[in-house]
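Engineer: FYI, the numbering for the sequence shown is 109 to 197, going by our numbering.
Glycine is no exception: its CB is placed at the ideal position from the N, C-alpha and C atoms.
No experiment lies behind these values; they were computed from the predicted model shown.
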Amino acid sequence: MAWQAAVRDRCACGTEEEEVEAVLGIVQRLSRKMSCPRPSECLRIQARERGELDDVMAVVLDNLEVLANGDMAQLARRAGGLVEDVASA
Numbered sequence: 109m110a111w112q113a114a115v116r117d118r119c120a121c122g123t124e125e126e127e128v129e130a131v132l133g134i135v136q137r138l139s140r141k142m143s144c145p146r147p148s149e150c151l152r153i154q155a156r157e158r159g160e161l162d163d164v165m166a167v168v169l170d171n172l173e174v175l176a177n178g179d180m181a182q183l184a185r186r187a188g189g190l191v192e193d194v195a196s197a
């Protein structure tokens, strides 16, 4: 892959391979977040990375328009849970 060649080239210039790979990982995560076509996808990536993406959170993210309207009861029905569960998501 092209990125593997780039890592080898950077290492040949005196940069540690671990450092190059760490920076590459950061750039790749930023690229995913910044190229999301919909806000819910960006939020989903962030929730997953923070370990906060569960079934209730997924329903909330799939229904941001319902959340914007403040209809917690509707979100709870869609999530199959309680309003309190949705509110804590």
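Following the continuous alpha helix (DSSP H) through Leu190, name the residue where it begins and the one where it ends.
Structural biologist: Leu190 -> no alpha helix (DSSP H), and no H or E assigned at all.
Engineer: For Arg152, report the span of its alpha helix (DSSP H) as first-last.
Structural biologist: Note, Arg152: alpha helix (DSSP H), 147-157.
Engineer: Could you give the distance in angstroms between the alpha-carbon of Arg186 and the alpha-carbon of Arg158?
Structural biologist: Spanning the two alpha carbons is a distance of roughly 23 Å.
Engineer: Beta-carbon separation of Ala184 and Leu175 under 8 Å?
Structural biologist: It is not a contact, given that the beta carbons lie outside the stated cut-off.
Engineer: Counting C-beta neighbours from all protein chains within 10 Å, is the total for Ala197 16 or more, i.e. buried, or is it exposed?
Structural biologist: Result: buried.
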